[in-house]
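Down below is the structure, laid out as structure tokens.
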Amino acid sequence: MIQLTEQFKSLENFLNSNLSSHISINISISRNQIDEEGLSSLGSALAQCSNLQNLTLEHYLVQMKSESASKLVSDLTNCAKIQKMALDFSSNPIYDDGLKDLSSHLYKFANLETLALKFYSTQIYEDGAISLGQNLAKCTNLKNLTIKLNNNQIQDNGLLGLCSGLLNIPNISSLKLILGNTFIRSNGAMGISSTLPNFSKLIDLTLNISVNFIDDEGAISLSSAIRQCKQLRFLELDLWNNTLSSESARKIWKIMNQILKAKRLIKKLIAI
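Okay, structure coming up:
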């Protein structure tokens, strides 16, 4: 039986709903509809959604404090049945400490299998990305993971720390890393390269590392690592606006075409 997702674009409507009846909900609230007090009320209400299994939570330029974001996730841990969760805190000043505190609650979601974390332009640096990796390492039941950190400055060390944490999640079948404009160089790219072959069940991969400083060595190592993902069926790879030579770009295309000719990929989208 397909469970319909209830949509809420008003905090008041959600607060006045039958909280314990919700199974799948999408809450999308913009800046002019909520303040810090409203965020506190939202968290308290979500904590009462005892049957919730699927949650999408979006905040459009709300300008919440990092403490509020962390408390919101802490409140959500009362929803013991959650299996699928998407949290979008993009364009809010989360900072490294905020991401560390927020992500420290993730392991408490014992039934969580699908997780999307979106932190576009949230003033995250390498320490924040490292902390995120350390906390995700405790979420060993995850199968589908999306991490959106583009327009932050996580740099190579941050990406290496993130990848180190991902190694502890062996059953990932879908991985989407959106890391455009994060000041990554080839050392960071090779961190991804050493991580991918460990996911023996990986079917769906999206890797956006556009607008960075990845050179030939890093890009070629990535494409070679992708070739080692034996179960891969869906691939989106975006290397646009890095520091690749035209020769390396041709080598990458050759590797991707070899994968396609092996009839392993159902879908591919490559941008170099």
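With the sequence shown counted from 1, adding 261 to any position gets you the working numbering.
Positions of the beta carbon are idealized from the N, C-alpha and C atoms, including for glycine.
For clarity, every value in this text was computed on a predicted model and none was experimentally measured.
Asked	Found
Residue nearest to residue 352 in terms of C-alpha spacing, selected from 345, 314, 327, 336	327
Local Cβ density within 10 Å of residue 496, reported as buried at 16 or more and exposed below that	buried
Nearest-angstrom beta carbon gap, residue 509 and residue 481 [assumed within contact, 8 Å]	6 Å
Runs of beta strand (DSSP E) lying entirely within the segment 404–452, each at least 3 residues, in chain order	405–409, 435–439
Nonlocal neighbours in the same chain, by C-beta distance under 6 Å from residue 308, ignoring five residues either side	336, 339
Pair within 9 Å by beta-carbon distance, residue 290 and residue 320	yes
Residue 450 classed as buried or exposed, judged by whether at least 16 other C-beta atoms fall within 10 angstroms	buried
Paired residues, beta bridge with residue 499 - DSSP	469, 532
Supposed close pair residue 318, residue 347 - CB separation, criterion 8 Å	7 Å
Beta bridge counterpart(s) of residue 315 as assigned by DSSP	285, 345
Pairwise C-alpha distance: residue 408 and residue 463	16 Å
Cross-strand partners of residue 386 (DSSP beta bridge)	414
DSSP-derived helix/strand/coil call for residue 374	coil
Sub-9 Å separation of residue 437 and residue 396 beta-carbons	no
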